[in-house]
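Peer 1: Chains as they are written, first to last, in our numbering: chain A, 1 to 198; chain B, 1001 to 1208.
(1) In the DSSP output, which residue or residues are listed as bridge partners for residue 190/A?
(2) List, in chain order, every chain B residue whose beta-carbon is nearer than 7 Å to that of residue 123/A.
(3) Identify whether residue 143/A lies in helix, strand or coil by the three-state DSSP scheme.
(4) Quick check on residue 1147/B: does DSSP put it in helix, strand or coil?
(5) Can you tell me whether residue 133/A is helix, strand or coil according to DSSP?
(6) Is it buried or exposed for residue 1112/B, if we count other Cβ within 10 angstroms and need 16 for buried?
(7) Less than 8 Å between the CB atoms is what I'm expecting for residue 952/B and residue 1154/B, so what's the real figure, rounded?
(8) Is the segment 147-156 of chain A touching the segment 1147-1164 of chain B in the sense that three or more CB pairs, one from each, lie closer than 8 Å?
(9) Distance check for residue 185/A and residue 1195/B, CA to CA, integer angstroms please.
(10) Would you mind sorting residue 1019/B into buried or exposed? The rule is 16 or more other CB atoms within 10 Å of its CB.
(11) Which class does residue 171/A belong to by DSSP, given the choice of helix, strand or coil?
(12) Look at the alpha carbon of residue 1139/B and the alpha carbon of residue 1045/B, and state the distance between them as a whole number of angstroms.
(13) Just how far apart, CA to CA, sit residue 142/A and residue 148/A?
(14) Report yes if the C-beta distance between residue 167/A and residue 133/A is below 8 Å; otherwise report no.
(15) Among all the DSSP beta bridges, which residues are the ones paired with residue 66/A?
(16) Quick check: what's the CA-CA separation for residue 2/A versus residue 32/A?
(17) Please report the straight-line C-alpha distance between residue 1096/B and residue 178/A, rounded to a whole angstrom.
(18) Taking any Cβ of chain B, which residues in the segment 55-87 of chain A have a Cβ under 9 Å from it, in chain order?
(19) Buried or exposed for residue 103/A, please, with buried defined as at least 16 other CB atoms from any protein chain shown within 10 angstroms of its CB.
(20) Starting from the C-beta of residue 1169/B, find all residues in its chain whose C-beta is less than 6 Å away, skip the five residues before and the five after it, and write them out in chain order.
(21) Only counting the same chain, and skipping five residues up and downstream in sequence, which positions put a Cβ closer than 8 Å to that of residue 1122/B?
(22) State the DSSP-derived secondary structure class of residue 2/A, mapped to helix, strand or coil.
(23) Closer than 8 Å is the cut-off here; do at least three beta carbon pairs connect the segment 1062-1076 of chain B with the segment 1164-1183 of chain B?
(24) Looking only at its chain, what residues have a beta carbon closer than 6 Å to the beta carbon of residue 108/A, apart from the 5 residues adjacent to it on each side?
(25) Under three-state DSSP, which class holds residue 17/A?
(26) On the three-pair Cβ rule with 8 Å, is the segment 167-176 of chain A touching the segment 111-120 of chain A?
(27) Have a look at the DSSP bridge pairing and note the partners of residue 1060/B.
(28) Answer yes if the segment 1001-1008 of chain B comes into contact with the segment 48-56 of chain A, meaning at least three C-beta pairs across the two stretches below 8 Å, and no otherwise.
(29) What are the boundary residues of the alpha helix (DSSP H) that includes residue 1183/B?
(30) Go through its chain and collect everything with a Cβ distance to residue 1179/B's Cβ below 7 Å, but skip five positions before and after it.
(31) Short of 7 Å in beta carbon distance, which residues of its chain neighbour residue 41/A, apart from the five on each side in sequence? Order them along the chain.
(32) Cα-Cα, which of 1174/B, 1032/B, 1056/B and 1073/B is closest to residue 1119/B?
(33) Any chance you could list the alpha helix (DSSP H) runs of at least 4 consecutive residues sitting entirely within the segment 21-86 of chain A, in chain order?
(34) From residue 81/A to residue 75/A, what distance separates their C-alpha atoms?
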C-alpha cells in the first residue's frame, strides 16, 4: 500500500465537507420557516423606489414629489408669535406634492418621515415641541405628518403634505425618506438638491 | 505508526470527539437556566455627572433630589406614604430617534420600582422621541419606600421590556439626611416638563 502523507491530513481529507458547510448554512437561512433573511430585509428602508425624470415617485397608491425643504416658520396658533427654539436647534419644513392614485385614506396613512443629515444621522418628524404649531402666518396647524389627505381629497387630486423636523443647527438636510411599515424594505427617497433647499 | 495503527487511532479519536459532544450537550442541557437568566439584560454602568452611552442613546444623571410632596405644572399636589425621588437627567439619541421605554430604580435588596405614573411623564411615552444631537433635560419621578431611598440605582433602557437589551445603571446619591429633611418639608417640589437644551450642553452626541 502506498504511504499516505499525514501533513495537513485531517484538513486535506475534509476540506470538501468544510466547503460544503457554507452553502448548507446559507440554505438553512433561506429555507428557515421563520424567514430570518426577510425579517432582516424588511426591518429597515433598504430599497428606494426609483423616481421618474421629473422627480415623481410612485409608492403605495400615490405619486410623490419633493416640493421644497426650508426653515420652518412656526407660529403659536393663538398669538401668532414665532415659536422660540433653544439656541443650536433649527426647524426644517419639508413639503411634498402628492397625487392620490387610490382612495386617499387607503394610500399612505401611518407613513413615517425621516430627514437624514450630512453625517448620516436620521431624524424623525413630529418632534414633541412643534406639535400644534402653525406653519407660517396663515398656514395650517401642524399635528402629525402621517400622510393623511385633506378631508375632501379624492382619487386623482393633487395636494401637499408637510413634515417638520427639529435638528441641530449644524445639520444640513441631505435626504428625505418616506416609509410605510408594511412596504419595507421599499421606501421613498428624495435627495435634497440645493434648488429645493431654501 | 503503521497504516493500520493510524486508522485505529483515527477511529478512536473520532469516537472520543463524538462522546465529548454528547456529554457536553447533556451538561449544557442540565444547566436549566431560569428564564430570567437566559434573557438577562446587558448592563452599562456609570455614575452621576458623567455621560453613559448605550447603542441608542446617551444619558447623564445631573442630580437626585428627595421630596415629601411633588406638584405638576397645573399645581396639583401629590402626597406619598414613602418618598418622592426626582432624578435630573440629560438624554440624547445617538444616530436615530429613540424613546425611553423603561425607567426604574432598584435598591440593594433587588426591589425595583418603575417611574411613577401618578404624574404625567411625557419623556417616558412613545410619543416623545429623542432626536440625535438634540439633548433633552428631564426630571424622572419615582415613588419609593423611605427605607429604600438611600440605596437606589437608576435603570434606563430603550424598550419597556429590558430583557436582552442594554440597560444603563447609575447609582443615585441620596443621603438619608436629605430624605429626612425632605419629608419634614411641606412645600411641594414642582416637576418641570422635559425641554430641549440645545447647544448649552456638551455631550457625546453633539458631533457624530
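Positions of the beta carbon are idealized from the N, C-alpha and C atoms, including for glycine.
Peer 2: On the basis of the data shown:
(1) 176/A
(2) 1097, 1131 and 1132
(3) coil
(4) helix
(5) Correct three-state label for residue 133/A: coil.
(6) exposed
(7) Nothing in the structure corresponds to residue 952/B, since chain B is present only between 1001 and 1208.
(8) no
(9) Residue 1195/B and residue 185/A: Cα-Cα distance of roughly 34 Å.
(10) exposed
(11) The three-state reading of DSSP puts residue 171/A in coil, since its state is none of H, G, I, E or B.
(12) Straight-line Cα distance between these residues: approximately 20 Å.
(13) Roughly 12 Å between the two C-alpha positions.
(14) no
(15) Note: residue 66/A sits in a beta bridge opposite 96/A.
(16) At residue 2/A the pLDDT is 49, less than 50, meaning the model places this residue with poor confidence; the figure from the coordinates comes in the next sentence. Residue 2/A and residue 32/A: Cα-Cα distance of roughly 46 Å.
(17) 15 Å
(18) 85, 86 and 87
(19) exposed
(20) Excluding residues within five positions, the ones whose Cβ falls inside 6 Å are 1043, 1045, 1153 and 1155.
(21) 1128, 1193 and 1194
(22) In this prediction, residue 2/A scores a pLDDT of 49, lower than 50, which makes its location untrustworthy; no coordinate-derived value is stated.
(23) yes
(24) 60, 62 and 147
(25) Helix.
(26) yes
(27) 1051/B and 1090/B
(28) no
(29) 1176-1184
(30) Once the five neighbours on either side are set aside, the close Cβ partners of residue 1179/B are 1066, 1083, 1146, 1149 and 1150.
(31) 185
(32) 1073/B
(33) 36-41
(34) 5 Å
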